[in-house]
Every structure is written in C-alpha cells, then in structure tokens.
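Residues 1 to 348 in the UniProt record's numbering are what the sequence shown spells out, letter by letter.
Even glycine gets a Cβ: it sits at the ideal position worked out from N, Cα and C.
Since the structure is predicted, the reported quantities are computational estimates derived from the model, not experimental observations.
Take a look at the structure below.
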Amino acid sequence: MILIPAYEPNESLISLLEGITGEFSSSSIPMVIVNDGSEKEVSLKTFNTIRERFPNIVILTHESNMGKGAAIKTGIRFALESHYEFVITVDADGQHEAHDVKRLYQYSKYHCQKLIIGTRRFSGDIPLRSKFGNLLTRTLFNFIHSTNIEDTQSGLRYIPHSCFSMILEIKANRYELEQEVLNVCARKKIIAPPLYIDTIYEEGNPSSHFNKIRDSFLIYFVLFRAVLSGVLIAILDVIVFAIIFSQTKDADISVYLTRFLMTLLYYILLRSFVFNYKGRQFSAFIKLVTLIILNSLIVAYVLERMEPHSESTNLVYISVNILLFIINFLVQKAFIFKEKNNERNRLG
C-alpha cells in the first residue's frame, strides 16, 4: 500500500498521483491519502479533484490537524486492518519522484522484512543549511546507534508489516515519529541498505509544513534524550550521594546506598524513555543491576584510594561517573536493552 500523509496540499499532489499511477499502471497496488485536517480552499479543491480523477484512491480524513506522525499512524492502522503486507510512505509536497517510488517498491522484494529508506544525496545546489542539518542529524544518529544511515530525514520509506504494531505504539504524532521509527529499527538491526533516489529541492520548500523551530526541537530531542536522561540521573545521583556522604562520612556506604536508591528510577528511565524496550523485563533488570554493582565497585575502589573525609570526594565521584557514562551507554545498548530475534517477532 502506498501512503501519502497530506496537510494543505496543492496541485503538486495531483501531479505526484499522475506519476505514481502511471508507474504502477500494470500493478494493482492500493493507494491511501490521509487528509490531516486541511482547511485551505485550494487544498479542498485538490481533494475533490482527486476523488473525481482517482476514484480508486482511498482518502482518510482527520477533523483537525494532528501532525504527520498521526497521519502516518492512521494509514498504518488502515493497512493493518486491511491486511496489507507493507506500506510505502510518500511525501505530498513534491519531494519525491514517481519513478523512485516504483524503484523502492521493486527494491523491497529483496528486503521485504526491513525498513528501507529512499536516500537522497546532498550535493550540488542543495543549500548549505539543508546539508548541515542532515549531516548533523545523521552524525548524531549514527553515533548513538552505531549505524551508517545516510539520510535520516527522508519521507520516502518502505515499512514492512512486522513494524506496524511497533509504530502504532509510539506516542509521537508529528515529524519526530519518523525519527522514533528509525531509532527502534536501528536497535533491532532491521534497516536495509539504502536505495538512492533523486534529491528535489525547492527554494524555501513552500509546499512543506515543517516548523523549523518546533519540529527541529522535537527531532533533536529524540536524538538527545539518552544524554538528557543520563544527565538527569547523574544530577540526582550526585545530590543523593552528597547528602548521604555528609551524614555518614563513609564513601563506601554512600556509594552503595546511593546506587540502591537510584536503581529502580534508572531502570524505568532507560527502559521506557531511552530505549523504548519491549523485551524481557526481568532479564534486563538483572543485567542492569549487575552493571550498577560493577560501577559501584569501581567507584568505591577509586574513592578508597583517597584520604578519609577528603574535601574532593564529591568532585572525584562526579569525575569517575562521567568517565563511566559512555561505557555504560554502549553496554546497555549492546547487551542489556538489545531485543533478540524472537522478541522482534513478538513485536510484529
């Protein structure tokens, strides 16, 4: 099924549909458009024209604007109820060529159980701002997930049936949904090699409804939330340690008691906020407790080497934990909150 989320579209959507129906003239592939609460007269006329010229295209309508992510989820829900095996998402603003949609469909036959991204090459006359934005996003994403995704912002994607339920569980409803989907698929190692497509850029991208401030913040928040969670935990950890140490003057007791009090909060944040983990909860919790114990032993060992009641105890405690942060994150991602194949299948 081809899915086109559309908010306030213009005649470029009709041109896109003409191209797609021409490319798929010999294939009976269903098409669905989600009208995400469009109100402008030109957009309403566009939808009326589509109903007249393309009677086989299903148009689903939101009463008000809910966001691109919500529109994608509405389409995914329709695909799930209609027992379709895949969804190809296509932007309505003229950013994708019809022949690339057909190429993505053909390419999916070789990677039918993976997310496929129609990957643009940011070269030539693309503005520096757009190049830098994509470079920053993909660099952060690839660093966090140890992947090599070249285009994290492309809206042309093939989504297999096994990902439908997972997408519907994601809470995001705007542009950040696409980033969330990438995060989950990267953790599951189900992103296919890229299919390179044409890069289309209109000056100012007048057909796009991407809010540069709000939507950019939401997308980068998704990327940075692992760091934000770590910073939050670190601040609370230091505060609790400082309070306990001020009362006990015993570094060992302070370390172990602090980690004991912080363990449950740490697990909940990592499971639900950072990794969105749906696998074996008890097993993951035991592994995290083991990691925390190892961390506690390391920190306690370092503090034992210091003079008793040293004024620099808090500073050393902070420094050691900063050094352990990156190591902990890599261990958590690779061994603790990594979903195995049987867990992936249950999610699908």
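Taking only the alpha-carbon atoms, compute the straight-line gap between residue i and residue j and give it to the nearest angstrom.
{"i": "residue 293", "j": "residue 286", "result": "11 Å"}
{"i": "residue 341", "j": "residue 313", "result": "In this predicted model, residue 341 has a pLDDT of only 47, less than 50, meaning its place in the structure is not dependable; the value taken from the coordinates is given anyway. In a straight line, the C-alpha of residue 341 is about 44 Å away from that of residue 313."}
{"i": "residue 176", "j": "residue 69", "result": "7 Å"}
{"i": "residue 270", "j": "residue 35", "result": "36 Å"}
{"i": "residue 105", "j": "residue 261", "result": "51 Å"}
{"i": "residue 76", "j": "residue 96", "result": "20 Å"}
{"i": "residue 98", "j": "residue 198", "result": "10 Å"}
{"i": "residue 64", "j": "residue 92", "result": "18 Å"}
{"i": "residue 334", "j": "residue 233", "result": "20 Å"}
{"i": "residue 241", "j": "residue 279", "result": "31 Å"}
{"i": "residue 317", "j": "residue 291", "result": "17 Å"}
{"i": "residue 251", "j": "residue 303", "result": "7 Å"}
{"i": "residue 120", "j": "residue 166", "result": "26 Å"}
{"i": "residue 154", "j": "residue 194", "result": "11 Å"}
{"i": "residue 181", "j": "residue 152", "result": "10 Å"}
Closest Cβ-Cβ distance between residue i and chain B: below 8 Å?
{"i": "residue 76", "result": "The structure shown contains no chain B; it is built from a single protein chain."}
Relative to the C-alpha of residue i, which candidate in the options has its C-alpha closest?
{"i": "residue 158", "options": "190, 89, 145", "result": "89"}
{"i": "residue 229", "options": "326, 30, 181", "result": "326"}
{"i": "residue 23", "options": "100, 79, 95, 1", "result": "100"}
{"i": "residue 83", "options": "315, 251, 164, 302", "result": "164"}
{"i": "residue 191", "options": "170, 150, 231, 172", "result": "150"}
{"i": "residue 156", "options": "172, 118, 15, 137", "result": "118"}
{"i": "residue 259", "options": "237, 245, 274", "result": "237"}
{"i": "residue 330", "options": "251, 274, 247", "result": "274"}
{"i": "residue 81", "options": "168, 243, 249, 195", "result": "168"}
{"i": "residue 28", "options": "112, 102, 322, 324", "result": "102"}
{"i": "residue 47", "options": "5, 25, 184, 30", "result": "5"}
{"i": "residue 55", "options": "30, 43, 39", "result": "30"}
{"i": "residue 289", "options": "272, 264, 305", "result": "264"}
{"i": "residue 45", "options": "322, 196, 19, 9", "result": "9"}
Near residue i, which residues of its chain fall below 7 Å by C-beta distance, leaving aside the five closest residues on each side in sequence?
{"i": "residue 211", "result": "Note on residue 211: pLDDT 49, under 50, position unreliable in the model; no value is reported."}
{"i": "residue 114", "result": "160, 190, 191, 192"}
{"i": "residue 186", "result": "145, 147"}
{"i": "residue 136", "result": "none"}
{"i": "residue 108", "result": "86, 116, 158"}
{"i": "residue 207", "result": "Bear in mind that the predicted position of residue 207 carries a pLDDT of just 45, short of 50, making it unreliable; the figure below should be weighed with that in mind. So the qualifying residues of the chain are 10, 12, 93, 94."}
Under the DSSP definition of a beta bridge, which residues are partnered with residue i?
{"i": "residue 5", "result": "34"}
{"i": "residue 103", "result": "The partner list for residue 103 (beta bridge, DSSP) is empty, contrary to what the question assumes."}
{"i": "residue 87", "result": "159"}
{"i": "residue 120", "result": "197"}
{"i": "residue 59", "result": "33"}
{"i": "residue 115", "result": "191"}
Beta-carbon within less than 6 Å of residue i's beta-carbon, same chain only, minus the 5 sequence neighbours each way: which residues are those?
{"i": "residue 255", "result": "296, 299, 300"}
{"i": "residue 79", "result": "1, 87"}
{"i": "residue 3", "result": "32, 75, 87, 89"}
{"i": "residue 43", "result": "8, 9"}
For residue i, which residues in the same chain have their Cβ closer than 8 Å to its Cβ, ignoring the five residues on either side in sequence?
{"i": "residue 50", "result": "13, 14, 17, 33, 57, 59"}
{"i": "residue 62", "result": "34, 35, 36, 37, 70, 71, 74"}
In chain order, what are the residue ranges of uninterrupted alpha helix (DSSP H) at least 4 long that sit wholly in the segment 268-339? Runs of alpha helix (DSSP H) with 4 or more residues, each lying fully within the segment 268-339, are found at 281-304, 313-331, listed in chain order.
Could you pull out every unbroken alpha helix (DSSP H) segment of at least 4 residues lying fully inside the segment 135-210, listed in chain order? When DSSP assignments are scanned along the segment 135-210, the uninterrupted stretches of alpha helix (DSSP H) that are 4 or more residues long and fall wholly within it turn out to be 164-169, 176-188.
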